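First comes the structure, then the notes that go with it.
Protein chains: 2
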Amino acid sequence: MDLALLTWLVPVSGVLALLYAFSRAQWVGKQEVGTPLMAELAQAIAEGARAFLRQEYRVLVIFVAVVAVLLAFANMSQPESSWMIAISFVVGAFCSALAGFIGMTVATKANVRTTQAARTGLAPALNVAFSGGLVMGLSVVGLGVLGLGVLFLAYDAMTVWSITKVIGVISGFSLGASSIALFARVGGGIYTKAADVGADLAGKVYEGIPEDDPRNPATIADNVGDNVGDVAGMGADLFESYVGSIIGTMVLGSAFISLPAFASGGMGDISAVILPLVLAGVGILVSIAGSLFVKVKEGGNPQHALNIGEFGAAGLMAVLAYFIITIMLPETWNHTSWNGVTTEYTSLGVFWAVLIGLAAGTIIGLVTEYYTATGKGPVTGIAHQSVTGSATNIIAGLGVGMFSTGIPAVVLALGIIGAFAFAGLYGIAIAAVGMLSVTGIQLAVDAYGPISDNAGGIAEMAELPPEVRERTDKLDAVGNTTAAIGKGFAIGSAALTALGLFAAFMQQAQVPNIDVANPNILAGLLLGAMLPYVFSAMAMGAVGRAAGDMIKEVGRQFAEIPGLREGTAKPDHERCVEISTKAAIREMVAPGLLAVIVPVVIGFIDKSMLGGLLAGVTVSGVLFAIFQSNAGGAWDNAKKMIESGIMIDGTQHGKGSEAHKAAVVGDTVGDPLKDTSGPSLNILIKLIAVVALVIAPLIA
Amino acid sequence: MDLALLTWLVPVSGVLALLYAFSRAQWVGKQEVGTPLMAELAQAIAEGARAFLRQEYRVLVIFVAVVAVLLAFANMSQPESSWMIAISFVVGAFCSALAGFIGMTVATKANVRTTQAARTGLAPALNVAFSGGLVMGLSVVGLGVLGLGVLFLAYDAMTVWSITKVIGVISGFSLGASSIALFARVGGGIYTKAADVGADLAGKVYEGIPEDDPRNPATIADNVGDNVGDVAGMGADLFESYVGSIIGTMVLGSAFISLPAFASGGMGDISAVILPLVLAGVGILVSIAGSLFVKVKEGGNPQHALNIGEFGAAGLMAVLAYFIITIMLPETWNHTSWNGVTTEYTSLGVFWAVLIGLAAGTIIGLVTEYYTATGKGPVTGIAHQSVTGSATNIIAGLGVGMFSTGIPAVVLALGIIGAFAFAGLYGIAIAAVGMLSVTGIQLAVDAYGPISDNAGGIAEMAELPPEVRERTDKLDAVGNTTAAIGKGFAIGSAALTALGLFAAFMQQAQVPNIDVANPNILAGLLLGAMLPYVFSAMAMGAVGRAAGDMIKEVGRQFAEIPGLREGTAKPDHERCVEISTKAAIREMVAPGLLAVIVPVVIGFIDKSMLGGLLAGVTVSGVLFAIFQSNAGGAWDNAKKMIESGIMIDGTQHGKGSEAHKAAVVGDTVGDPLKDTSGPSLNILIKLIAVVALVIAPLIA
């Protein structure tokens, strides 16, 4: 096959994804909305979500403009490449923001339509919810591949630069994606928990204000938060991983195969650069194909349907990857790394690295599920410990979170060793691409969760018959599991992406080694390992302060709006949405600056020290994120287990029991851990790695 | 001064410390015990503590014997050195165990005598409590220096080996110290919290069983736990750091100065080896001198007295270190490291490294105090967050713990860079020696805390007049602060000691570099960073299970002993002590094996990977330990702040309020974090480093 043609097909697959996403979005939009009350509730949630995006994008435009100008003038000796980095950055930010906008818009349409579909049956409800999620998934991969592909083709055509330099300026795209991810994931995480905690606690602080009641003006903000955090936040997070892993691999690929095309029998020195793009493009088609198999019969298990789609896609991808790689790459070649070591590599080795990535992602997801799923040992243990009060519940949850880091760390360690053995540093980076190649359907399954969750909430608020609620509960229960797996996948992919970017940084900055026996590097390692702690503390503190603002506003409305308490007047939802939005955006400035400034400062002090910092922040951040996410997920489901009734030592415990009260405390503690600070660490480790990669030429 | 004479003076200073400790112990023993009830209570605590030690030592003897045999036959090609490592190991274990035995015996005598002294005034009470602590402090440093000094002189006299080989076999001493520390700190930590949590929760599980009541058979075990965990555990921890830092420095010192004595004007190639021993010996004299200044007038502040002693000793040590170092070492020399780099070093540089260690220890201690002290911002913040319930209290505490890692990480990073710049890897190791040189008085101040705490408890149980309780409260309040500082110091010193041992390992195992761009090393780093999480989870799980045993036993006694509930029959304390003891020893096997087996397995797979593991476990362990310790300390004092009455938003909160209940939950959660899993990490990181150092010649 012709290489030029193949390269052109990459953005085409992106366009295809967007067209298919558009058709699914149209289809979702055509579904029935249901009763006027349902429409009204959905309207309020959709408006709140849009309000958040408006506010966020207003700040983002300024932020992106400032950073773009800085980037454009960062390297006066190379004005042209500086400008192109700036343009890549703007395009990356735009693509990520657009994907988030599309995904959230459709998700806030799909929620109420899922509820309405659930009035007729389980199958149509699953169809609507999953279609809503698929739009998000395909928008992310479509815009990612389209943006990267077009930039690559355009820069390659416009300049006479080496492939290395072309890819260097494209890394700005990844920085743009990371910036939006920072706003969407950290800001969104603060938003969602500020609204959630604020709505819950208002009742405790002011007497007579009901929690979880339509009269509480913060409830809509709470529902908006689910979309903001779990749909848009997760989407931006995976968008960042997706493009980050591709760019990291392209950078390493540019020096990986140095044979000319005719001598190698393959596509020569550019094939390793194009490979991640091609794998991503094919992954889109595989994701669409997989999505066609997500069907359930009435009375069937939606989990089963989603599994067929997801694991089927992963399996198909593995098979196709074999053919793509063996066709595109030479069978065998010698690679001399930039620091002078020569090794023989094979196309089969690269295939094994991709397979390792796919397998590692799946295993980490399944382990995450084990530690956070209802009915499994760890969560049951927490439920049992709730009988003796909230302290033992908390201790048990912390223990589960800590323990759950074990297997993922071993899997990642083996994955690193294996991928490297098969294909060097390029192997580690392409393993991340392998893990992320079916992001389209993975993210569809992830986003399906909060849509079903919202659907259930609307069913309850609209007081629909119990069988509707039963169906949405069935969807929602599966959503909790997929959310847990998705979180594990997001952390694992962030880790591999960061390592790929780390390797790319070393090559671009020409760091000879990251020897921790060197005191600067050891100091960097220590500082890097500390950042996730301080970053998490900032995120958690932000939730506390923002929730405080929300509590005050709720109190003000109950005091000043006559008839609100009696239910004769309506609360001012918008004001609450605005407060949560403003707080989220204000509070994310400090942690955001930390993540950007620290690597720049350290990098200009000593590039090797920055290498140590990257290693430290990645390793420590992954473990701390797993700890927080899984502890939070386990507490959540321990509470759910007790709510559904559980026998412990011969006594029945259920909703309202002392054990339940204790479990609610655990769930509340876990909320900011699993939805704010934990996921924010995915962004932290990737953002620091991307910043390092972008400044690499300046400190080389 | 003659080098041989100087070397002989080292064990002499150890003997001096032991003689002085003996005289203080005699003096404490001669003080009045007070009323018969006081004597009875003290008797029960002392017997419980002895029972724990008996059980612990029974298991220890077997453990030490097995490991000694393994060590003796580990390297069949060098039977002589294997045997000497085994002997060093046994001597190290014996010295540490003996120090723990002496310290705990005197502490359990000093507690009741402090109470009795407090009946006459504050000054005599401080005197007794501090003297009790001083016996622990001087026993640790005395036996450490004596054991190391005698082994060094004996092996040097018995063999014709190079100095490097002699020091190599002495590293077994450090392994012995680490083994005891594992039992004392991890086992002790499990014991103390199992008893504490078990006693508290028994009342919740079985109706009608009073918490914190003499009828509760677990109360004595609880009091025993304070001595077991805070006196013996802390003592063994610092003993391990103390000897570990000295041995690490000796190993590095053996290759640090290669000039013959006459050419350098100093003491030639052995002076850098002897220097840590000499500094430690002088530190003992300085500690004794400092202790003489710990005096308080009636109505005065005991904190002030302790500060004069501690900071005075540190200041004096700094001055003396200048003269010792400039006299012992040549003014300037060239050092060619084992991997071929030549650098010029100066004696003044070594002095600066020592000063950096002293300063870093002090700063980390003060930062720890800030984050955990009553009335300061962080703790006040947690107290305020308690008003909205236990969930917000927990979230705030976790945030404080995370945030508190920031400054210590920066201080350690700067310390590493500074110490290395002044004196290479030797500088990092000797900085740890500098930090630990005044361990004698530091540990005296640490151990003073639990003695005062016990004294207060006895005053309350013996129903003494309020002014006695007021005086012991005053001592105890200061004890909380010193405990916090001591914990920070213990973590900081563990970190520097582990880094010193790490550098020594690299030299002994001839690891060319620990380049994290090497996938094996990166995998080692990741696995190492994960260990503190799993180890902590194991320790916390152990507390939960052991507390469960205790709860069952308390229930059994109330059911089976007639008249216990009515207060007419006595509970069976001994049985509870036995249960806690057995559980502690049973539960520490798994984490202990983890800490020993992992480095051995990884080391034999790839010595560089073991290097990565060491870097990972040290960096991650230090941060996770600071996080856990400080969160726990902050929760504890937030509870105390509310108990002493606090105005929040115009409302008064005190003992029994809702805010207090929430704060009690935080305190209970923090208990195992700050007293079991957190401090256990100090042992984990040092133990893994020592194991690596001991097996270094086998994998070199």
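Those sequence lines, one after another, are chains A and B.
If you're matching positions, the first sequence starts at 1 in the numbering used here and goes up one per residue.
If you're matching positions, the second sequence starts at 1 in the numbering used here and goes up one per residue.
We put the beta carbon where it would ideally sit given N, CA and C, even for glycine.
Since the structure is predicted, the reported quantities are computational estimates derived from the model, not experimental observations.
(request) Compare the C-alpha of residue 612(B) against each of 516(A), 178(A), 349(A) and name the closest. (result) 516(A)
(message) Assess contact between the segment 162-174 of chain A and the segment 183-198 of chain A, defined as three or more Cβ pairs (one per stretch) separated by less than 8 angstroms. Is contact present?
(response) Look at the beta carbons and you see the segment 162-174 of chain A not touching the segment 183-198 of chain A: under three pairs across the two are nearer than 8 angstroms.
(request) Rank 589(A), 557(A), 643(A), 537(A) by C-alpha distance to the C-alpha of residue 628(A) and give the top, closest one. (result) 537(A)
(message) Determine, for residue 530(A), whether the minimum Cβ-Cβ distance to residues of chain B falls below 8 angstroms.
(response) With its beta carbon less than 8 angstroms from one in chain B, residue 530(A) belongs to the interface.
(request) Can you tell me which of the three DSSP states residue 618(B) falls into? (result) helix
(request) Answer with yes or no whether the minimum CB distance from residue 186(A) to chain B is below 8 angstroms. (result) No, its Cβ sits nowhere closer than 8 angstroms to a Cβ of chain B.
(message) Would residue 317(B) and residue 276(B) qualify as a contact pair, given that the criterion is a beta-carbon distance under 8 angstroms?
(response) no
(request) Over the uninterrupted beta strand (DSSP E) stretch that includes residue 646(B), give me the two end residues. (result) First-last of the beta strand (DSSP E) with residue 646(B): 646-648.
(message) Quick check: what's the CA-CA separation for residue 495(B) versus residue 621(B)?
(response) 8 angstroms
(message) List, in chain order, every chain A residue whose beta-carbon is nearer than 8 angstroms to that of residue 364(B).
(response) Simply none; closest approach about 13 angstroms.
(request) May I ask you to list, following chain order, the residues of the segment 449-473 of chain B that have a beta carbon less than 8 angstroms from some beta carbon of chain A? (result) none
(request) Note down, in chain order, each residue of its chain lying with its Cβ closer than 6 angstroms to the Cβ of residue 482(B), except the 5 sequence neighbours on either side. (result) 445, 449
(request) Inspect the beta-carbon positions of residue 145(B) and residue 312(B) and report whether they are closer than 8 angstroms. (result) no
(request) Report the option in 324(A), 295(A), 592(A) whose CA atom is closest to the CA atom of residue 310(A). (result) 295(A)
(message) Across the segment 519-534 of chain B and the segment 602-619 of chain B, are there enough close Cβ pairs to call them in contact, namely three or more that are closer than 8 angstroms?
(response) yes
(request) Please compile the residues from chain B whose C-beta is within a distance smaller than 7 angstroms of the C-beta of residue 130(A). (result) What residue 130(A) touches in chain B: nothing, since even the nearest Cβ is about 34 angstroms away.
(message) Can you check which of these residues, 687(A), 129(A), 698(A), 367(A), is closest to residue 248(A) by C-alpha distance?
(response) Here the closest residue by C-alpha is 687(A).
(request) Run down chain B in chain order and give the residues with a C-beta less than 8 angstroms from the C-beta of residue 385(A). (result) 544
(message) Classify residue 378(A): buried if its beta carbon has 16 or more other beta carbons within 10 angstroms, exposed otherwise.
(response) When all chains shown are included, residue 378(A) counts as buried.
(request) Return no unless some Cβ of chain A is closer than 8 angstroms to the Cβ of residue 410(B). (result) yes
(request) For residue 507(A), count neighbouring Cβ atoms within 10 angstroms of its own Cβ and tell me buried if that reaches 16, exposed if not. (result) buried
(message) Give me the chain B residues within the contact set of residue 354(A), using Cβ-Cβ distance strictly less than 8 angstroms, ordered along the chain.
(response) Those do not exist, as residue 354(A) stays about 16 angstroms from chain B at its closest Cβ, beyond 8 angstroms.
(message) Less than 7 angstroms between C-beta atoms, sequence neighbours within five positions excluded: which residues of the same chain meet that for residue 473(A)?
(response) 456
(request) May I have the straight-line CA-CA distance separating residue 519(A) from residue 166(A), to the nearest angstrom? (result) Straight-line Cα distance between these residues: approximately 35 angstroms.
(message) Distance check for residue 153(A) and residue 509(A), CA to CA, integer angstroms please.
(response) 25 angstroms
(request) Compute the Euclidean distance between the alpha carbons of residue 563(B) and residue 216(B), then round it to the nearest angstrom. (result) Residue 563(B) and residue 216(B) have their C-alpha atoms spaced approximately 12 angstroms apart.
(request) Would you kindly report the start and end of the unbroken alpha helix (DSSP H) that includes residue 481(A)? (result) Its alpha helix (DSSP H) spans residues 466-509.
(request) Could you tell me the distance, in whole angstroms, from the CA atom of residue 350(B) to the CA atom of residue 512(B)? (result) Roughly 24 angstroms separates the two Cα atoms.
(request) Could you check what DSSP says for residue 679(A) in three-state terms: helix, strand or coil? (result) helix
(message) Quick check: what's the CA-CA separation for residue 638(B) versus residue 663(B)?
(response) 7 angstroms
(message) Between which residues of its own chain and residue 83(B) is the CB-CB distance below 7 angstroms, once the five residues before and five after are set aside?
(response) The answer, listed in chain order, is 72.
(request) Compute every distance between the C-beta of residue 276(B) and the non-hydrogen atoms of the ligand FAD, then say whether any falls below 7 angstroms. (result) By its list of ligands, the structure shown contains no ligand whatsoever, and the ligand FAD lies outside what it can speak to.
(message) Taking 8 angstroms as the cut-off, does the segment 404-417 of chain A touch the segment 85-100 of chain A (at least 3 CB pairs, one atom from each stretch)?
(response) no
(request) Spatial neighbours of residue 369(A) within its chain, please: CB distance less than 7 angstroms, with the 5 preceding and 5 following residues excluded, ordered by chain position. (result) 481, 484, 485
(message) On the DSSP letters alone, give me the boundaries of the beta strand (DSSP E) that residue 345(A) sits inside.
(response) 342-346
(message) I need the straight-line Cα distance from residue 553(A) to residue 574(A), nearest angstrom please.
(response) So the two alpha carbons sit approximately 11 angstroms from each other.
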